[in-house]
Structure formats: C-alpha cells, structure tokens
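J.:
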Amino acid sequence: MAVDADVLLDWFSAHGRDLPWREPGCSAWGVLVSEIMLQQTPVARVEPIWHEWMARWPVPSALAASSQGEVVRAWGKLGYPRRALRLHQAAGVIAAEHGDVVPSDVDTLLALPGIGAYTARAVAAFAYGRRAPVVDTNVRRVVARAVHGAGDAGPASNTRDMADVEALLPADDAPAARFSAAIMELGALICTARAPRCADCPVYDECAWQHAGRPEYAGPAKPVQKFAGTDRQVRGLLLDVLRGTEGPVEKAKLDLVWHDGGQRDRCLDSLLVDGLLEQTRDGLFALPGEH
DNA sequence: TAGACGTGGAG
DNA sequence: TCTCCAAGTCT
Numbered sequence: 001m002a003v004d005a006d007v008l009l010d011w012f013s014a015h016g017r018d019l020p021w022r023e024p025g026c027s028a029w030g031v032l033v034s035e036i037m038l039q040q041t042p043v044a045r046v047e048p049i050w051h052e053w054m055a056r057w058p059v060p061s062a063l064a065a066s067s068q069g070e071v072v073r074a075w076g077k078l079g080y081p082r083r084a085l086r087l088h089q090a091a092g093v094i095a096a097e098h099g100d101v102v103p104s105d106v107d108t109l110l111a112l113p114g115i116g117a118y119t120a121r122a123v124a125a126f127a128y129g130r131r132a133p134v135v136d137t138n139v140r141r142v143v144a145r146a147v148h149g150a151g152d153a154g155p156a157s158n159t160r161d162m163a164d165v166e167a168l169l170p171a172d173d174a175p176a177a178r179f180s181a182a183i184m185e186l187g188a189l190i191c192t193a194r195a196p197r198c199a200d201c202p203v204y205d206e207c208a209w210q211h212a213g214r215p216e217y218a219g220p221a222k223p224v225q226k227f228a229g230t231d232r233q234v235r236g237l238l239l240d241v242l243r244g245t246e247g248p249v250e251k252a253k254l255d256l257v258w259h260d261g262g263q264r265d266r267c268l269d270s271l272l273v274d275g276l277l278e279q280t281r282d283g284l285f286a287l288p289g290e291h
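Each residue of the first sequence is one higher than the one before, counting from 1 in full-length UniProt numbering.
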C-alpha cells in the first residue's frame with residue numbers, strides 16, 4: 001500500500017492553499033522564516049507576523065542587525081519565543097558565513113541554531129526544490145494511516161519515519177519537493193488528527209487504514225501536556241509584561257503577574273538564562289539589548 | 001529519550 | 001469548562 005504521487009500532486013494543485021511563502025517569488029529566507037514560525041503554531045496566527053517580518057527584515061543580514069529585544073518584541077505572541085532568538089542567531093551566521101544566502105544543503109542547515117531534522121529538509125525542499133524526506137506531524141499521521149493502516153502515528157522515530165517517506169518520494173527533485181508539500185497539506189486539510197475528512201481524500205481507495213476498517217489508534221498513550229500553572233505559563237506572563245512596555249520595568253511590576261513568588265523568581269531566572277530578558281545596572285528588567 | 005518550552009482556537 | 005492540538009528543537 002502506498003500513496004500515489006500523481007494523484008496526490010493533482011489534488012494539491014487543485015486544493016492546496018495559496019500561502020504567501022509558497023508564492024514562486026518567495027525567497028529562501030522567506031521560506032526559512034515561515035518554517036520556524038510554523039513550528040507548533042497554526043498558519044492563521046503566523047501569516048500576519050510573517051508579512052511584518054518580510055517587510056521589515058527582507059534579508060538575513062537585516063534581521064541580524066536588529067537587537068534581540070526588537071526581534072522578541074516583533075515575534076509577538078506566536079509562542080516559544082526562544083525560536084525568535086535562535087532565528088536571530090541563525091540570521092547572523094547566514095549573513096556572516098554564507099554571504100547572506102540561506103544554505104540549500106541539509107547538513108549546513110542542520111548546523112544552524114533552531115533548525116532540526118524537519119526544518120532543514122523543509123527549506124531544502126520548499127526553497128530549493130530538493131528531494132529530501134520532509135517529516136512533520138502531518139506527514140507522520142498520513143503515513144501511519146495510508147501506509148501502515150494505523151489510526152495514528154506512534155512515537156516519532158526520525159530514522160524510521162524518514163525511511164518511510166523516502167520510499168514514497170518521486171525520484172526527481174522537483175516532483176519530490178512538490179510531493180513533500182502535498183503530503184503535508186493532505187495531513188493538514190484532509191487527514192487531520194481529530195476528524196479526518198476521508199470522503200474528500202484523494203488516496204481514499206489506496207488507504208491502508210480504510211482497508212483495515214479504520215482501527216483505533218493502538219499505540220502508547222500520548223502524554224498530555226499541561227499548561228495552567230506551569231513555568232511555561234508564568235514565563236509567558238512575565239515576558240508579556242516586557243512586550244507590552246517600552247523600556248525596562250521594575251521587579252515589583254513583574255511580581256504582579258503571578259502569586260507564587262518562588263515560581264516567579266525561578267521563571268525570571270530561567271528567562272535571564274535563556275537570554276530572553278536582561279537585567280539593567282540598576283536592577284530593572286528589559287528585553288535583551290533594549291536598555 | 002522523556003520532558004520542557006507559549007499561545008489561542010476549536011469541538 | 002476543559003481537553004486537544006498546531007509545519008519541532010533542544011537537552
């Protein structure tokens with residue numbers, strides 16, 4: 001059982017979304033920025049911020065020339081703000097060591113901060129039309145169902161997951177790159193986690209999950225990710241105070257966002273360690289580089 | 001490799 | 001209201 005490339009590519013041509021980073025004229029830098037922003041973050045929230053970034057920082061060196069604080073502020077509420085810091089660092093490396101050109105080679109991309117197995121191959125494929133197994137959560141789910149007949153993907157295994165996708169990939173670069181975008185899109189629009197729209201699926205007839213009678217997911221339970229009351233929430237509240245003000249703020253102002261002083265201070269400290277906050281000479285707190 | 005790491009919309 | 005989940009990476 002497989003996923004017919006021609007059928008999938010035709011479906012993608014007819015139903016794929018016209019996202020700005022998929023425009024033919026979009027730069028490799030634009031693709032890279034989109035990929036980082038889209039990590040664990042819905043398209044709808046990324047689009048407006050991506051446009052702002054492209055207008056303000058059209059090339060890596062432009063971003064690298066801005067302060068970390070400006071970058072964190074411009075990241076807004078996309079979440080996981082360390083991504084903004086790493087992208088800023090990556091831009092610096094690209095500007096300084098790669099002639100302001102986003103690398104096209106997977107291994108070179110992997111060496112950049114914030115770029116892992118998925119993003120490196122996504123940039124190689126979507127920005128440069130290279131043939132590379134692009135494996136994200138959507139692709140893992142589609143493969144689990146259409147190929148393996150399982151209700152959902154089990155725990156990730158980079159080696160195995162990439163081998164699965166490699167086997168589906170067309171031989172030539174251009175169609176392989178387009179196939180990568182198409183299978184991701186299938187997972188995002190049709191073969192969704194919650195309520196898959198199988199009636200609209202282009203590979204319904206060849207789907208192993210259908211042939212198996214749509215069995216329930218049998219793998220190990222996925223860990224539920226708590227948020228309320230975690231350090232993640234408190235860090236978010238703390239950082240949001242700085243995003244919402246111009247200059248440095250007093251600790252007293254930060255003390256207002258969370259009742260538990262111990263947790264508050266621990267989070268404040270971790271933000272300093274991460275470089276998302278800095279302390280001024282007079283003991284105030286500021287976004288990095290903004291004092 | 002399990003767990004940390006933000007945020008907000010949908011069901 | 002509350003759980004699930006959205007193009008992952010790093011340690």
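Quick reminder that beta carbons are idealized off the backbone N, C-alpha and C, glycines included. These numbers come from a predicted model, not from an experiment.
What alpha helix (DSSP H) runs, 4 residues minimum, are completely inside the region 163-198?
T.: Those alpha helix (DSSP H) runs which fall completely within the region 163-198 and span 4+ residues are 173-189.
J.: Enumerate in chain order the residues of its own chain whose CB-to-CB distance from HIS88 is below 8 angstroms, with the five nearest sequence positions on each side excluded.
T.: Correct list, in chain order: LEU63, ALA64, SER66, GLN68, VAL71.
J.: Quick check on this structure: which residue in ALA252, ARG83, ALA181, GLU52 has the alpha carbon closest to the alpha carbon of GLN40?
T.: Residue ARG83 is the option with its Cα nearest to GLN40.
J.: From which residue to which residue does the alpha helix (DSSP H) around PHE126 run?
T.: That run of the alpha helix (DSSP H) goes 117-126.
J.: Thinking C-beta only, is ALA5 closer than 8 angstroms to VAL147?
T.: No, Cβ-Cβ distance for VAL147 and ALA5 is not below 8 angstroms.
J.: DSSP on PHE285, reduced to helix/strand/coil?
T.: PHE285 falls in the strand class under three-state DSSP.
J.: Report the residue from GLY247, LEU109, LEU239 whose alpha carbon sits nearest the alpha carbon of ASP255.
T.: Closest by alpha carbon: LEU239.
J.: To the nearest angstrom, how far is the alpha carbon of GLY129 from that of ALA177?
T.: Cα-Cα distance, rounded: 5 angstroms.
J.: On the DSSP letters alone, give me the boundaries of the alpha helix (DSSP H) that GLY236 sits inside.
T.: Run containing GLY236: 231-243, per the alpha helix (DSSP H) assignment.
J.: In its own chain, which residues sit with a C-beta less than 8 angstroms from the C-beta of THR280, not counting the 5 before and 5 after it?
T.: Here the set comprises PRO248, ALA286, HIS291.
J.: Provide the residue span of the alpha helix (DSSP H) that contains SER27, from first to last.
T.: Premise fails: SER27 is in no alpha helix (DSSP H) and is neither H nor E.
J.: Comparing alpha-carbon positions, which option in TYR80, PRO170, TRP29 lies nearest TRP57?
T.: Ranking the options by Cα distance to TRP57, first place goes to TRP29.
J.: Return helix, strand or coil for VAL273, following the three-state DSSP convention.
T.: VAL273 falls in the helix class under three-state DSSP.
J.: For PRO134 versus ARG121, is the C-beta spacing smaller than 8 angstroms?
T.: Before going on, a small fix: residue 134 reads as Val here, not Pro. In contact: VAL134 and ARG121 (Cβ atoms closer than 8 angstroms).
J.: Could you work out which residue in VAL43, LEU112, LEU85, SER13 is closest to LEU276 when comparing CA atoms only?
T.: Comparing Cα-Cα distances from LEU276 to each of VAL43, LEU112, LEU85, SER13, the minimum goes to LEU85.
J.: Quick one: Cα of LEU112 to Cα of ARG197, how far?
T.: Whole-angstrom Cα-Cα distance: 37 angstroms.
J.: Roughly how far, in whole angstroms, is the beta-carbon of ILE183 from the beta-carbon of LEU8, given that I think they are within contact range, below 8 angstroms?
T.: 6 angstroms between Cβ atoms; contact.
J.: Tell me the rounded alpha-carbon separation between PRO202 and ALA181.
T.: One C-alpha to the other measures close to 15 angstroms.
J.: Compute the Euclidean distance between the alpha carbons of ALA167 and ASP231, then round it to the nearest angstrom.
T.: For ALA167 and ASP231, the distance between alpha carbons rounds to 41 angstroms.
J.: Expressed to the nearest angstrom, what Euclidean distance is found between the alpha-carbon atoms of TYR204 and GLN210?
T.: Cα to Cα, the separation comes out at about 7 angstroms.
J.: Measuring straight from C-alpha to C-alpha, what distance separates GLY76 and ALA44?
T.: Approximately 14 angstroms between the Cα atoms of the pair.
J.: Taking the alpha helix (DSSP H) that GLY92 falls in, what are its first and last residues?
T.: Per DSSP, GLY92 belongs to the alpha helix (DSSP H) from 82-97.
J.: Identify the continuous alpha helix (DSSP H) that holds PRO48 and give its terminal residues.
T.: Element bounds for PRO48: 43-56.
J.: Within 10 angstroms of its Cβ, does SER34 collect 16 or more other Cβ (buried), or is it exposed?
T.: Buried, because 16 or more other Cβ atoms sit within 10 Å of the Cβ of SER34.
J.: On the CB-based measure, 16 or more other CB atoms within 10 Å of its CB, does GLY187 come out buried or exposed?
T.: Looking at its Cβ environment, which holds 16 or more other Cβ atoms inside 10 Å, GLY187 is buried.
J.: Indicate whether VAL31 and VAL123 have their beta-carbon atoms separated by less than 8 angstroms.
T.: Contact: yes.
J.: Taking ALA14 as the reference, give the member of ILE49, GLU52, GLU185 with the closest Cα.
T.: Nearest C-alpha to ALA14: GLU185.
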